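Working notes, structure below.
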Amino acid sequence: MCQNPNIQAKGRDEIERVIGTDRLPTFEDRQSLPYVEAIYREVMRLHPALPLGLPHVSIEDDFYRGYHIPKGSKHRSLKPIRLTSVQDVWLYPTYGMAMNRDPDVYTEPDRFLPERYSESPTGPFESINNIYAFGFGRRVCAGRHMAENTIWLTIASVLATFTLGKAKDGKGNEIDIPGEYTDQFFRYISLHRYYPAQYNKIHEFLRQLLMTPDKFMQHTMKLSQALVYKGLYGLDVDSEDPLAKKAVEVMDTLGQALLPGSFPAYERFPFLRFMPSWFPGCRFKRIAIQCSQGVKEVDTIPFDIAMAHLESGTGTSPIAELAIRKPQDIKAIKAMGTISYLASADTVCILDYVRG
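Be aware that the sequence shown starts at 32, since it is given in the working numbering, and climbs by one per residue.
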């Protein structure tokens, strides 16, 4: 929004024209705000928060249907990989750039242009409305509906409340925003149950942003974690909470560990997997132990608190109620909560919106 003030103004004008200035947007307003919807979809197209797959690297030269995939090709980098054959072919990374920036579907695919979702003289592309950021098929993001609602409402609420601009240096000159891409590492019909919590947390986010705009990253992290924590466990969490910090620490460690080349000693000497963790070159085992311990804390502590509140009658939560109804599935239920919470600790979708 800082880089596209005209788009920001159009979104704010639509909100003021449709709902006025006496209240904040609600989910019921979504169908009446097509341009805000277009901004949301363009953010998710151009800068999704996460790659659409884990890093991969070719450990040896390979040939597939006449194409040569060189040893060491990393299929995560933002740069496409050139495959050699009779005709040059470019293999795009799992980040989804090939789908999200297909020039046959999107005019000027590298440009932030919400207007592309409006009907054109040649008619709209059906596939232009697809959002690939959440994946698809069997491995589609399980929390996509809540994530989509949260991102959309945050965008609409910020547009209705703030005018975002570039920071200025000591001489009053605007500081350019770098264009680099960075990442950090329910059933739909039940979403209405979470609306009050989403309203509350997003409005709290706006108040915090107004008071301390320089702490935008901390406020964003708190929002993404607080929504899942409240929705699943019925509990409030602060960004300074030890459990919140532990979740971020686990995801940061895992994110670094998944990058190709993170453990050169093991890649060169695979037999190290049979050695004890204290052995030189076995740092990957020590990191695995550290992450495992962190995951156990995130897996157990909030679940136990939620169950204690339910049993004492001082509170309730979906995850505790589900555990009571299906005690045979407690392990899977706890894992679902852990995965959702850890994912929220690494989500920075809203930050991409501001950079857009």
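Built from N, CA and C at the ideal position, the CB exists for glycine as well.
Computed from a prediction, not measured in an experiment: that's the story for all the values here.
For residue i, which of the options has the nearest alpha-carbon?
| i | options | result |
| --- | --- | --- |
| ILE70 | ASN35, ILE50 and ILE208 | ASN35 |
| GLU235 | SER63, ASP245, GLY103 and THR251 | THR251 |
| LEU254 | LEU341, PRO244, LEU274 and ILE233 | ILE233 |
| LEU285 | LEU303, ALA319, PRO301 and LEU274 | ALA319 |
| ALA339 | ASP135, LEU266, VAL281 and VAL329 | LEU266 |
| MET32 | PHE143, GLN249, PHE305 and GLY103 | PHE143 |
| ASP200 | ASP135, THR194 and ILE208 | ILE208 |
| TRP183 | PHE58, PHE315, LEU373 and GLY312 | PHE58 |
| LEU190 | ILE355, GLU328, MET367 and LEU55 | LEU55 |
| ILE336 | LYS316, ARG132, SER293 and VAL268 | VAL268 |
| PHE167 | MET130, PRO134, LYS202 and THR138 | MET130 |
According to DSSP, what are the bridge partners of residue i?
| i | result |
| --- | --- |
| GLU205 | LYS199 |
| TYR98 | TYR95 |
Does any residue of chain D have a CB that is nearer than 9 Å to the CB of residue i?
| i | result |
| --- | --- |
| ALA198 | Absent from the structure is chain D; it holds one protein chain and no more. |
Inspect the beta-carbon positions of residue i and residue j and report whether they are closer than 9 Å.
| i | j | result |
| --- | --- | --- |
| VAL259 | GLY344 | no |
| THR347 | LEU353 | no |
| ALA187 | MET75 | no |
| PHE334 | LYS357 | no |
| GLU45 | ARG147 | no |
| PRO145 | TYR66 | yes |
| LEU98 | MET177 | Before going further, note that residue 98 is Tyr rather than Leu in the sequence given. The answer is no: Cβ separation not under 9 Å. |
| THR194 | ARG43 | yes |
Would DSSP call residue i helix, strand or coil?
| i | result |
| --- | --- |
| ILE162 | coil |
| ASN35 | coil |
| PHE305 | helix |
| GLU68 | helix |
| GLY42 | helix |
| PRO349 | helix |
| CYS313 | coil |
| ILE364 | helix |
| ILE90 | coil |
| LYS261 | helix |
| LEU373 | helix |
| PHE193 | coil |
| GLU59 | helix |
| LYS357 | coil |
| ALA173 | coil |
| TYR137 | coil |
| THR52 | coil |
| VAL74 | helix |
| SER323 | helix |
Have a look at residue i and residue j and give me their C-alpha separation to the nearest angstrom.
| i | j | result |
| --- | --- | --- |
| LEU241 | GLY262 | 25 Å |
| LEU77 | SER308 | 42 Å |
| ILE100 | LYS197 | 43 Å |
| ILE332 | TYR264 | 11 Å |
| ILE370 | ARG299 | 32 Å |
| ASP53 | VAL326 | 44 Å |
| LEU122 | PRO295 | Since pLDDT at LEU122 reaches only 39, below the 50 mark, its modelled position is unreliable, and the value read off the structure follows with that caveat. Those two C-alpha atoms are separated by around 25 Å. |
| ARG238 | ALA228 | 15 Å |
| TRP324 | SER149 | Note that residue 324 corresponds to Gln in the displayed sequence, not to Trp. Rounded to whole angstroms, GLN324 to SER149 spans 49 Å at the Cα level. |
| GLN39 | ALA363 | 43 Å |
| ASN37 | GLU47 | 15 Å |
| PRO349 | ASN180 | 19 Å |
| GLN359 | ILE206 | 56 Å |
| ASP93 | ARG169 | 28 Å |
| LEU114 | GLU91 | Annotation note: pLDDT 41 at LEU114 (below 50); position unreliable, coordinate value reported separately. Their backbone Cα atoms lie some 14 Å apart in a straight line. |
| VAL136 | ILE162 | 13 Å |
| VAL279 | ASP330 | 14 Å |
| PHE302 | MET282 | 27 Å |
| ILE50 | TYR297 | 59 Å |
| LEU274 | PHE310 | 30 Å |
| ALA351 | THR185 | 28 Å |
| GLU328 | GLN256 | 16 Å |
| ARG317 | ARG304 | 11 Å |
| GLN62 | PRO79 | 22 Å |
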